[in-house]
Structure formats: structure tokens, C-alpha cells
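Enquirer: Got a structure for you, written out below as C-alpha cells; questions coming shortly.
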Amino acid sequence: MSRGLKGLVEKVLSQGLCTSCGACLSLCPYLRSWQGRVVKVHDCSLEDGRCFAYCPRTEFNFDGIEKKGVHQPYQHAEIGSFRRVLMARAKDSTWRERAQSGGTVSALIDFAIRKKVIDAAILTLRDGDSSPKGQIVMDREDILNHAGSSYVSGPTLEALHRGPWEGEEKIGVVGLPCQVQAVSKMRASTLEKKTPIDKIRLMIGLFCTWALEDEPFRDFLKKRIGNWPALKLEITPPPERLLKIHTTGGLYIVPVDEIRPFIRKGCEVCSDMTAELADISAGTVEGIDGWNTVIVRSDQGEKLFKEAEAEGIIESQPLPMEHLNHLKEASLFKKERAVKNFRNIE
Amino acid sequence: MRSIAQNTPGKVVLLMGNEAIARGALEAGVKVCAGYPGNPSSEIIGSLAEVANELGLHVEWSINEKVALEIAAGASFSGLRSLCAMKQNGLNVASDFLLNLNLTGCKAGLVIVVADDPAGISSSNEEDSRLFAKIGDLPLLEPAHFQEAKEMAREGFSISEALGLPVLIRSVTRVSHARGNVTLGELPHSNPKPAFDLAQPRLAFPPLPNHKVLHEKFKKARTMFETSSFNVYRGPEKPEVTIITSGSGYLYSCEAVFNLNAKERVGILKMGTTWPLPEEFLLKHLRRSDQFLFIEEVDPFLENNVKEVFAQHCMELGVKRFFGKANQMIPDVGELTPEIVTSALQALLAIPYTPGPEAYNRTASEALAEVVPPRALSFCAGCPHRATYWAIKTALALDGREGIVLGDIGCYSLGVGASGFFQMKTLHAMGSGVGLACGLGQLDRFGLDQPVIALCGDSTFYHAAMPALANATYNSANFLLLLLDNSATAMTGFQPHPGTGTTATGSPAPILDLQTLCQSLGAKVEVVDPFDIEGTIAAILKMVRMVKGVKALIFKRECALVSGRRQKKNYQVEIDPERCLGDSCGCNRLCTRVFKCPGLRWDPKKKKAQIDEAICNGCGVCVEICPASAIRREAQ
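So the sequence lines, in the order shown, correspond to chains A and B. Per my numbering, numbering of the first sequence is gapless, rising by one per residue and ending at 372. Per my numbering, numbering of the second sequence is gapless, rising by one per residue and ending at 663.
Here it is in C-alpha cells:
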């Protein structure tokens, strides 16, 4: 079997399993992305390729990846390995207003850059009219512009390969679980590294139940809200389950069931809700506005989080037990769904 | 002075078959010549255009063959001898007018030369244009060699005038494109004043009496051909086998008889007037033998028509055996060769024959392989079409809806193969991609969800695509037209056309601007430079995603060979051996394996890509292709 582009097409692209994480892009001229889709433009005959090796939808071994991906053995538990789970939010309300929930991720990235833990972060840029894409970000204003969720996956990791890099920057990545998996695979890969994978010092993962196909979702939004630029999207937790679209022309509300047809097929086989290979993972706290659920996983994650708390960037509280149980339940549900769907594909 | 314009009777000059035809027309005092370029006919009008100003002729490249024939007929109606030249496909285009012109007849000599392309070496099809002579009851001549090409062209005008009908001359590639000795005749000095006689209108309607008149002329032609010097028999009084041949088949037959040393046993009946067949002349020769072998290129035209004569007279002639395409003794497709004729004749005569010593043949083919490596058909280095197809391929892949590219015949037909990245999916007559798009562009209502994309060249657009584009607007078809404007009729030798600003004879001409034309025909139009690959990809994507209507995207970039003749390279292109990572790049030799410009070569020793400076035309497009930025260009 080909472990190059041919294999990637066979096992992932032609099966509709691509999550558009961007790990395979800007490595070679054979793959490009457009409107949130990864497209093979030319045939490549190489038997081994980084495109195949880095893809989160080709073979994946959590145990084999632990040494390079996370700093403790991987636990086959509901939400992976972790040191602690808590509720947190940015103290500065600017982050909370612009970002999702408590703004913890944006505030942590800003803090990490200021503390020189990293020099630059790869974030996902979304604006109303174009597809999400990876951007290299180095200052607070830029971080603010990249805050918030779009519920659409885009080729964020392409920015890692594309650069431009000066060469010595320490890099942080904020991404969806599939993107964190891809970065872990890059680090573990034995193929020659031609892009600054070894310069990644921090991975912050975002909780994800599923992501939407960019183009059909954008067409849908255009039909529902017209030409207003969407400022912020949020999905309220069950039982409400509503997509709230904040625009310059007002608030639009759509039941989540209406956007389900745009869920990526590749998300249906994903078993990772909480970005289990990240240094820190973050998501919402169901039922408590303005706070994030935060999972601190690795040594670096713990160090950064502690410093951020100590310097008054972040404030935290214990996560109520029922919330933790619910998080584990949801994560387990995603794993079960993935196993079931994966069998159907096989 | 060009040899076709020399007034030196008796002088022997080396002429290409097409030049010999042009010379014959000059010796007949032709005044008006029109045609549309197409291999293997192009040099007829081409060489006449070169001497037109000097000899005071009107010579033009017309917009298509039908118009060209109408121009020639107009001159003939007014008393000026005229010539019209085209390839086999051209006669299809002109046939509607031709099959009315036969009913009205003509006045001054009108010769229509059709050069067929057996095997379709540079054509979309393989076709025998002689059938049109039969459909139209028109006299048909077939030259067998260069001298005869000239004589027939000259004589054709007299025959045309004697009959009041246009005369068809059918040439083939190996007569038109080979060169041989031709003895020149005299160039006349007549300057007839044209006038259209209003008392003699040229009306095809009413057809019945005109058809009757045509049949009378046809009988007259048959009688006239009974004594034609173009029909010649050479051989014994009672040969075992008589070869009946015409055109290029004649010299192949002579060579076969020579190869087998069989001139005592075989006769060759060369027919120069192949329609209508002179029946009495033919019967005389049918009585000589009991076995006949037909040698002619493309269809069994002569073969079937002779059999028809035989059938009419079989009681008198008795049993005869006929060999040719009908019984598979001669291949029914492709060009003939002396070898094919020799082996057929050898089988009939049971003469052992080896075509040269085997060891010699092997050595020769090995030696040839070293000098001429096997090569795929490819766009020239720096050809804008390569960049165009690269952009088309990328854009359609990104679009992801399996867009269908409907093309036609031209240099850009290489889009069917590796050089055009296999993008073109239909190939028929000139302009047919646009017409097909009118059809496929209606199918969305039935559920077709693939984008429809038509593709044609600039000369083709004027020739045959404008009516289709007007139709698209009128009937609300949905498609994108990709109009490849390289400012030349490149495939046939860079002839000018209505968009180039010059005429066949080099006079300045108004430019019929493609953008304005497309707009006035109802299309939304944008123009791109295919050398701006990313800009072109974006433009294709944008236009292919516009939902309804007719869109035209014009790819404007001059043919690399045309610009190469006028100016030096745009860029000096170099590959930095430090930056080219070779096989460790991960690009998997994109430039030489996929992009495949002949100006790029893979150095098997250094295992890196290189620029072949002798071939590179300096377009600089490969700079955009290389992912390692190893290719550099410097403006010249």
C-alpha cells in the first residue's frame, strides 16, 4: 500500500474523511486547499510521503506517540491524560468579550508570547467571507482578531509549513483535536522534517464535537443572514442547542439541527473531543457563561498555567464534579460514535 | 524572386507539391485566390500570397472555407479565374455552398484544391474528400506527382470553363508536402475586366431544371475525360495483374513493380480524372487482365467506381477478380507506403521478396533511435497553452465538480494528452466545443451538476465558434468559454487572421477584437495572461462558479514561436543547483515529470533539474511552478 499521496487519496480524501487540518499542505505542490477543501491537483508517485505520515486520519497510535506528543504516558481514559481539570477565565474582560466563553486560550497565548515561552503562535483566521486559514501571530492585537470559534475547520497547520519563518522562532499552536493529533504525528514521524516542527513548544487544543464544511455552511449563512458580516458564532449547550450568530445587523438564531447536514464526514470517525495530546485543552462550561473548562495535561502546560494564574492573567475555580462527569460522558459518547462510524466505513 | 513567380518557361525548378499547384494556377492566369489554412493545404494560398502584390492578384486568408469558396465563385461569376484551397475538413465546411454552386455553375475557371490528410497526421479526422465530387456531380482530378500537380492546376481552369462547373483537385499529404522537379510553363499577361452579367443570374433555385443541366454537364465531362492525357497506362499488352491507381498511389505502384522486377507481368493504369470515370477508356483496360489491384489513399473510391462500371458491363467482360481495400489486401485506414503496395503485389504474383537485408534494417533502426529519441507530442517550450492547461487543471481540481472541457482541433488539441495534462475531453470539428457546450449547458435542468467549459483558439473562434456563442446567449445556455488567444493560426504555420491586424499579403487590417466580439455576442468577458498562473487559476475559478449565463475568459498571450521570431527571450531562466533539491525535494520532479516543458531537463548524473538553454524560450512560467524556488528568471 502506498504511504504517499496515492495512499492519502485512497484512504482519506476519496473517502471524504479529510478534516482540512492543513497538515499535508505547503509541503509539496501536489496538494492545495480551496474553500476549506484539500484537493489533489497532480498525481504523485512517491511511496512515502509526509502528507500521509502527518494526516490525523491515516493510521494513528496514541501509545506510540506519547513520548513525543505529551509528557506523560497516554491514558486510555474518557478525556485522556491530565494533571487537573478546572474552570478558568481571562481576568481582562477584553479577552472575554472577543473570544469564546472565558477567553482563557487567547489570554494564555498572549501571555506565552510575552513570557517568551513562544515567539509566535499559529492561530486560525476567520472572517465572514473567506475560508478559515492558518496565520502566524505575534502580538496582542492579532490574537484578538483571531479569537472566537467559527465551528468550521480550516487548514490552520498549513501556516506551520508555509511560514515565513526566520528560523529560530519557538512556536505555539492552537488547534482542534485533529490538528493537535496531526502535530503529534509530525513530531513522532521518522521522515526528514523540512518545516519547523521541532520548534513547537506549546499546543493548546480546543474541545470539538464536530466541525462544519466551510463552503456549504457559508452559503447557508449567506442565505440566513444576508450580507451582514458575522462577528461571533456560538452554540448554546443542550437542551437549548441553538446557533447564535452575532452580526453588525443584529442577532440571528438558528436551531443546530439545521446546520447538521454541513458536519464533515471526517468528524464522524473522530474519537477525540478534548484534544487529548495537547499541553492544555479548553472548551466551554455547559450552563455557566463566561468560563472555560480547562484541562491541564503536560508539564509545560502546568507551568504556563500556574504562572498565568500567579501573574493575575487567569483566574480559576474547581470544576463541579457533575460538570466533569458530564464532560467525560460526552467525550466517551464521541469515542463510541467514532468506533461505530469507523466500522461502517471499513 | 520566388520561383513560382518566375516567367522562365522551360526552366526546371524544385517545388513543393503545393507550390506546383500554385504555379499551375498562375500559368492559367488566376486572379483571385482564397482559402483557410489547414495541413496539408496551407502552402498553396501561402505561396500565392507571397507573390500576390508582385503579380497583381487578390489573395486572402478567409475566415473559413465556405466564405473562401464564395469569394472564389464571386470572381468566377464576374469573369476572373479563381482558386480556392483547403484541407478535407474545409470542404465539409464549404460543402453547403458547393452543393448549390454545382447547380448554378460558374463562368471563368474555378478550381477548388482539397488536400487530404491520410492517417490524419495533423487533422482531427481521416476523410476522403473525393466523395464530394460524386455527391455534387463535379469533375475531379488527382495529381500523382509534382509536374502533374502543376499541369492539372493549370488545365483545371480550362476544364472548368469548358464545362461551366467548378473543378475539384484532390491532393494528399505526400503530393502536397514533398518536393520535386517541375518544368515551368509560361505566365500569361492578361488583364480581363471583371463584370457580372445581370442577364445571367446564378440561381440554384429552381433546383430541378438546374439539376438536369448539371447532369448534362456531367456527361460532357465524362466524354471529355475519355481522351485526357492525365489517364495513362504503362505495362504489357496482357498483364497478369493491372494496378489501377490514382494520386500518391501511382509512384508507390511504380516502386512496387520495380522492387519485384515485375514489369513484364504487371500493368499500371494511372487515373488522373477520377470522377466522372471515362467509361470507354476504362473498359479498354478492363479487357486486358483478369486481376486488378486498386491502390489509392483513404477510401476505396476508385475501387468502387470501377467495380460499378464493371457491373454494368460484366456480361461482355466475363469473370474478373478485384483486390484492394474491400478484401483487406490493402489496409482500409492510414497512409499507403511502397512496402504496403509491394507486399500486396508480391502476394498476388507469388514472388518472394525481402525488403532489404534484416541485419541492415535492425542496424538502421538502432542508429536512428540514438539520433531521434522517442518523444511524446508536446507543446513547444514556452507555449502559452501549457500554462493555460496548468491553470485549467488546477482550477478544475480545486473546484472539485468534475468540469468538462469541450475542445476542438488546433495546437491546443494536445490538451487531450500529457502535455495538456489530459484536460480536453471532446475533440471534433473546429468550434465544436462551443456548440457542444450549448448542448451540455442546457442539461442542468435534467440534473447535470458538472460545470461545462468550452475551449477554442482565436482563429477557430472567428472560423466557427461565433455562431455557437450567439446561440448560447439566445438560448440561455450556461457555460464558460476559454478562448485561447495566441494571436496566430499557429498549428498551420502562423497565418494571420481577423484578430492579428494584417492580411495574407501583409497589408494592415482592422482588428476584430475578441473581447468586444464576445461581449457583443452576450458573454460576460474577462481577459487573463496565462503566464500569470495564480491569477489565471483565480479567474477560472471565479467564472466557472458564476451560476448562470455565458461567460468567456480570454487567455491572451502570443504564440511563443511568433514572439520568438520578433524579439529575444523575455527572461533568462536558470536553475540554482544549490536550491534544486533533486529527488530529496519531495516535489517528485514536478517540473520535468508533470509540467514537462521541453526547456526543462532532468540531469541523470547530477540528479537535478536543468534548463536546456537551446530550447528554453524564456517564458519564465516554471519559476512559479518550482516549490523550492530553485528556478530563477532575469528579465532581458
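Glycine included, C-beta positions come from ideal geometry on N, C-alpha and C.
1. Can you tell me which of the three DSSP states B:Gln373 falls into?
2. A:Phe243 by DSSP, collapsed to three states: which one?
3. Across which residues does DSSP place A:His272 in a beta bridge pair?
4. Indicate whether B:Leu53 and B:Cys133 have their beta-carbon atoms separated by less than 8 Å.
5. Where does A:Arg227 fall in DSSP's three states?
6. Do we get a CB-CB distance below 8 Å when we pair B:Thr415 with the residues of chain A?
7. Beta strand (DSSP E) containing A:Glu362: first to last residue?
8. Residue range of the alpha helix (DSSP H) that B:Thr619 falls in?
9. Alpha carbon to alpha carbon, how far is B:Val552 from B:Pro523?
10. Measuring only between beta-carbons, confirm whether B:Lys420 sits less than 8 Å from chain A.
11. Mind checking the stretch 27 to 42 of chain A against chain B and listing, in chain order, the residues whose C-beta falls within less than 8 Å of any C-beta there?
12. Would you kindly report the start and end of the unbroken beta strand (DSSP E) that includes B:Ile271?
13. If you draw a straight line from the C-alpha of B:Leu195 to the C-alpha of B:Phe104, how long is it?
14. What are the residues of the stretch 598 to 616 of chain B that lie near chain A, defined by any Cβ-Cβ distance shorter than 7 Å?
15. Helix, strand or coil: how does DSSP classify B:Gly27 here?
16. Measuring only the C-alpha atoms, how far is B:Glu330 from B:Gly101?
17. Specify, as a first and last residue, the run of the alpha helix (DSSP H) that B:Met43 falls within.
18. Compile a chain-ordered list of the residues in the stretch 422 to 442 of chain B whose CB is closer than 7 Å to at least one CB of chain A.
19. Which residues in chain B sit within 9 Å of A:Leu53, going by Cβ to Cβ distance?
20. My parser needs the beta strand (DSSP E) runs of 3 or more residues fully inside the stretch 211 to 282 of chain B; what are they?
21. Output needed for B:Gln477: all residues of its chain with C-beta closer than 7 Å, excluding positions within five of it in sequence on either side, in chain order.
22. Measure the alpha-carbon distance for B:Thr530 versus B:Ala536 and round it to whole angstroms.
23. Would DSSP call B:His172 helix, strand or coil?
24. Closer than 7 Å, Cβ to any Cβ of chain A: which residues of the stretch 619 to 630 of chain B, in chain order?
25. Got a sec: which bits of the stretch 193 to 209 of chain A sit with their beta carbon under 9 Å from any beta carbon on chain B, in order along the chain?
26. Rounded C-beta distance between B:Val574 and B:Ala504? I'm assuming under 8 Å.
27. Where does A:Phe233 land, buried or exposed, given buried means 16+ other C-beta within 10 angstroms?
28. One question on the structure: do A:Ile162 and A:Ser132 come within less than 8 Å of each other, judged by their Cβ atoms?
29. Ordered along the chain, which non-local residues of its own chain (more than five positions away) have a Cβ less than 7 Å from that of A:Val96?
30. Tell me whether A:Gly95 sits in a helix, a strand or coil according to DSSP, three-state version.
31. Does the beta carbon of A:Gly95 come closer than 8 Å to any beta carbon on chain B?
32. Determine the chain B residues that contact A:Trp60 at a beta-carbon separation under 7 Å, and present them in chain order.
33. Answer with buried or exposed for B:Tyr501, where buried requires no fewer than 16 other C-beta atoms within 10 angstroms of its C-beta.
34. For the stretch 118 to 130 of chain A, list every residue whose C-beta sits within 9 Å of some C-beta in chain B, in sequence order.
35. Anything in chain B within Cβ reach of A:Arg63, meaning under 9 Å, just list it in chain order.
36. Determine the closest residue to A:Arg267 out of A:Leu257, A:Val280, A:Ala256 and A:Thr273, with distance taken between C-alpha atoms.
Expert: The answer reads as follows:
1. Within the second sequence, numbered from 1, the residue matching residue 373 of chain B stands at position 346. In this structure, B:Gln373 counts as helix in the three-state DSSP scheme.
2. One-based indexing of the first sequence puts residue 243 of chain A at position 217. Looking at A:Phe243 - three-state DSSP - the assignment turns out to be helix.
3. Position 246 of the first sequence holds residue 272 of chain A. Beta-bridge annotation (DSSP): A:His272 is paired with A:Lys258 and A:Leu277.
4. Residue mapping note: residue 53 of chain B aligns to position 26 of the second sequence, counting from 1. Residue mapping note: residue 133 of chain B aligns to position 106 of the second sequence, counting from 1. No, these two residues do not count as a Cβ contact at 8 Å.
5. Taking the first residue of the first sequence as position 1, residue 227 of chain A is located at position 201. Residue state, collapsed to three classes: strand.
6. Walking along the second sequence from the start, residue 415 of chain B turns up at place 388. Taking Cβ atoms only, chain A never reaches closer than 8 Å to B:Thr415, which makes this a no.
7. Along the first sequence, read from residue 1 onward, the residue named residue 362 of chain A stands at position 336. Where A:Glu362 is concerned, there is no enclosing beta strand (DSSP E), although the alpha helix (DSSP H) it sits in stretches over Met347 to Ile371.
8. As a working mapping, residue 619 of chain B is identified with position 592 in the second sequence. Here B:Thr619 belongs to no alpha helix (DSSP H), and DSSP marks it neither H nor E.
9. Translated into positions along the second sequence, residue 552 of chain B becomes position 525. Translated into positions along the second sequence, residue 523 of chain B becomes position 496. Near 24 Å, if we compare the C-alpha coordinates of B:Pro523 and B:Val552.
10. As a first step, residue 420 of chain B must be located in the second sequence, where it is residue number 393. For B:Lys420, the answer is yes, since a Cβ of chain A falls inside 8 Å of its Cβ.
11. For the stretch 27 to 42 of chain A, which is checked against every Cβ of chain B, not one residue is closer than 8 Å.
12. Taking the first residue of the second sequence as position 1, residue 271 of chain B is located at position 244. Where B:Ile271 is concerned, the enclosing beta strand (DSSP E) starts and stops at Val268 to Thr272.
13. The sequence position of residue 195 of chain B within the second sequence is 168, counting from 1. The sequence position of residue 104 of chain B within the second sequence is 77, counting from 1. Roughly 17 Å between the two C-alpha positions.
14. Gly613, Cys614 and Asn615
15. Look at the range of chain B in this structure, 28 to 663, and you will see that residue 27 of chain B is not part of it.
16. Locating residue 330 of chain B in the second sequence gives position 303, where the first residue counts as 1. Locating residue 101 of chain B in the second sequence gives position 74, where the first residue counts as 1. For B:Glu330 and B:Gly101, the distance between alpha carbons rounds to 35 Å.
17. Mapped onto the second sequence, residue 43 of chain B falls at position 16. No alpha helix (DSSP H) holds B:Met43; the beta strand (DSSP E) holding it covers Val39 to Met43.
18. Of all residues in the stretch 422 to 442 of chain B, only Ala424, Leu425 and Gly427 place a beta-carbon less than 7 Å from a beta-carbon of chain A.
19. Locating residue 53 of chain A in the first sequence gives position 27, counting from the first residue. Correct list: Gly613 and Pro654.
20. Along the length of the stretch 211 to 282 of chain B, whole beta strand (DSSP E) runs at least 3 residues long occupy 259 to 261 and 268 to 272, reported in chain order.
21. Indexing the second sequence from 1 puts residue 477 of chain B at position 450. So the qualifying residues of the chain are Arg428, Glu429, Gly430 and Ile431.
22. Against the second sequence, residue 530 of chain B aligns to sequence position 503. Against the second sequence, residue 536 of chain B aligns to sequence position 509. Near 6 Å, if we compare the C-alpha coordinates of B:Ala536 and B:Thr530.
23. Taking the first residue of the second sequence as 1, we reach residue 172 of chain B at position 145. Annotated three-state conformation of B:His172 is coil, per DSSP.
24. Val621
25. none
26. Locating residue 574 of chain B in the second sequence gives position 547, where the first residue counts as 1. Locating residue 504 of chain B in the second sequence gives position 477, where the first residue counts as 1. About 13 Å; that fails the 8 Å criterion.
27. In the first sequence, residue 233 of chain A corresponds to position 207, counting from 1. With 16 or more other Cβ atoms from the protein chains shown falling within 10 Å of its own Cβ, A:Phe233 counts as buried.
28. Stepping through the first sequence from its first residue, residue 162 of chain A is reached at position 136. Stepping through the first sequence from its first residue, residue 132 of chain A is reached at position 106. No; because the gap between Cβ atoms is not below 8 Å, this pair is not in contact.
29. Numbered from its first residue, the first sequence carries residue 96 of chain A at position 70. Since pLDDT at A:Val96 reaches only 49, below the 50 mark, its modelled position is unreliable, and no value is offered.
30. Indexing the first sequence from 1 puts residue 95 of chain A at position 69. Residue placement at A:Gly95 is flagged as unreliable, the pLDDT there being 48, under the threshold of 50; a coordinate-derived value is accordingly withheld.
31. By 1-based counting over the first sequence, the position of residue 95 of chain A is 69. Its pLDDT being 48, under 50, A:Gly95 is placed unreliably in this model, and the coordinates cannot settle the point.
32. As a working note, residue 60 of chain A is residue 34 in the first sequence. Under the 7 Å cutoff, chain B gives Leu425.
33. Indexing the second sequence from 1 puts residue 501 of chain B at position 474. Exposed: under 16 other Cβ atoms inside 10 Å.
34. none
35. Looking up residue 63 of chain A in the first sequence gives position 37. Correct list: Leu425 and Gly427.
36. Counting from one through the first sequence, the residue named residue 267 of chain A turns up at place 241. Minimum Cα distance to A:Arg267 is reached at A:Val280.
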